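Worksheet for the structure shown next.
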DNA sequence: CCTTTTCTACCTACCGACCGGTAGAATCCC
DNA sequence: GGGATTCTACCGGTCGGTAGGTAGAAAAGG
């Protein structure tokens with residue numbers, strides 16, 4: 028019976044992270060089901076059995092990628108805005124950071140979390156769903172707070188949160204890095220639209 | 028060499044449509060790659076070989092489902108609003124119809140088009156992309172027209188179109204028919220948000 | 001009206017390829 | 001030497017797809 032190293036060395040952890048990133052790239056490009064373990068192993072410069080030295084199973088690999096992605100999201104989006112006092116300014120900064128996260132090349136792999144939202148099962152699914160829900164609740168609370176303080180008009184916080192998320196997260200489906208709209212401008216114009224609407 | 032019936036009888040066409048709808052349900056529930064031909068055949072009450080009497084290949088089945096879905100979308104959303112004179116009223120009606128399309132049980136299978144947006148390849152993919160782009164261009168033109176006529180303020184039509192789409196189409200990821208928000212109310216509140224924004 | 005042929009709508013049985021995953025040996029590096 | 005790492009070789013199962021057959025209805029022929 029093969030044993031998994033209980034405490035990986037630094038170099039092991041580094042290798043493991045490299046596997047996650049390579050696997051994430053492939054899964055984002057082809058989708059989870061279409062990207063086979065063989066493909067992923069080859070892309071990592073390993074055989075299939077060699078890859079299994081670093082992962083427990085294909086589904087666990089996906090879970091690890093999603094948790095890794097959520098870590099990046101929280102580091103680059105959620106945590107930096109958490110302590111902004113003004114709820115409107117907080118939401119604006121949050122949208123800008125989130126737009127940049129899903130548009131910039133080096134962090135686009137987080138969109139696996141978006142696309143494969145129904146792929147995991149059981150406890151793994153619940154774990155990721157829990158982390159996602161924290162974000163939704165954060166948005167809902169911020170909208171509630173902004174309404175309470177009279178900073179925005181009385182909107183339904185849930186509808187506002189999911190509209191916010193829809194605008195921002197849908198981007199991964201259509202945005203092209205070589206297109207006409209640079210990420211920074213997209214973030215600005217999207218907030219302007221969300222903030223003031225379309226009426227004159 | 029087996030030959031496909033050139034002109035299907037009415038009963039054949041009806042069977043074919045039933046196959047599409049059953050397959051669509053399965054593919055929406057499990058995803059295209061995860062729903063096997065065997066699963067689909069069994070769900071249709073056929074053997075695998077029997078199913079192939081009605082379809083040419085798995086990918087062609089997906090293409091047919093997407094075209095079928097686009098037909099329903101155009102019938103229930105696009106065509107009815109096409110001749111509304113006022114661009115703002117047109118966009119509002121369009122959002123409401125689109126929200127209802129993706130939320131109501133009997134038409135939810137159209138969301139396969141949304142989720143599997145990168146699954147098709149080659150000519151099939153181009154065909155569906157073409158039909159999708161018609162919708163994007165319709166929205167962009169409507170925003171342009173509304174700006175030109177001074178009915179809305181000067182927003183970027185592309186950003187407005189994709190924000191509109193993001194809010195509306197993201198719904199399939201989170202909406203639950205047994206949740207707290209009925210489709211009709213969601214449509215109304217989402218338009219209100221899109222129209223007036225959040226500022227007081 | 002009855003037989004013969006043709007066609008529709010499936011079936012059984014199978015194909016080669018690939019799936020995720022593993023046992024156990026070989027190799028590498030300290 | 002001895003653990004860490006990666007290999008070869010293989011497992012049973014399933015994948016999309018197909019060759020070829022057939023029951024029964026419909027059409028054609030006498």
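Protein chains in written order, with our numbering: chain A, 28 to 227; chain B, 28 to 227.
Idealized CB from N, CA, C, for every residue including glycine.
The model shown is predicted, which means the values in this text are computed figures rather than measured ones.
Just to confirm, are residue i and residue j a CB contact at a threshold of 8 Å?
i	j	result
residue 114/B	residue 173/B	yes
residue 123/A	residue 201/A	no
residue 54/A	residue 139/A	yes
residue 225/A	residue 221/B	yes
residue 128/B	residue 95/B	no
residue 104/B	residue 214/B	no
residue 151/A	residue 60/A	no
residue 92/B	residue 78/B	no
residue 170/B	residue 182/B	yes
residue 106/A	residue 141/A	no
residue 187/B	residue 163/B	no
residue 82/B	residue 73/B	no
Alpha carbon to alpha carbon, how far is residue j from residue i? Give it in angstroms, no decimals.
i	j	result
residue 38/B	residue 44/B	10 Å
residue 148/A	residue 167/B	39 Å
residue 80/A	residue 75/B	37 Å
residue 153/B	residue 57/A	17 Å
residue 97/A	residue 158/A	7 Å
residue 31/B	residue 156/A	Because the pLDDT at residue 31/B is just 41, under 50, the model does not fix this residue reliably, and the point stays unresolved.
residue 100/A	residue 132/A	14 Å
residue 160/A	residue 192/A	12 Å
residue 180/A	residue 52/A	42 Å
residue 71/A	residue 42/A	10 Å
residue 216/B	residue 144/A	25 Å
residue 227/B	residue 130/A	30 Å
residue 33/B	residue 67/B	Any reading at residue 33/B needs caution, since the residue's pLDDT is 45, under 50, leaving its predicted position unreliable; the model's value is listed next. Distance between the alpha carbons of residue 33/B and residue 67/B is about 24 Å.
residue 40/A	residue 50/B	43 Å
According to the neighbour-count rule (16 or more other Cβ atoms, all chains shown, within 10 Å of its Cβ), is residue i buried or exposed?
i	result
residue 117/B	buried
residue 119/A	buried
residue 184/A	buried
residue 206/A	exposed
residue 211/B	exposed
residue 136/B	buried
residue 90/B	buried
residue 176/B	exposed
residue 102/B	exposed
residue 109/B	exposed
residue 190/B	buried
Those runs of the alpha helix (DSSP H) which lie wholly inside the region 108-194 of chain A and span at least 4 residues: If only complete runs of 4 or more residues are kept, the region 108-194 of chain A shows the alpha helix (DSSP H) at 114-130, 138-142, 149-175, in order along the chain.
Give the list of continuous alpha helix (DSSP H) stretches no shorter than 4 residues that lie fully inside the region 52-113 of chain A. Segments of the alpha helix (DSSP H) lying fully in the region 52-113 of chain A: 64-70, 75-78, 85-100, 106-109.
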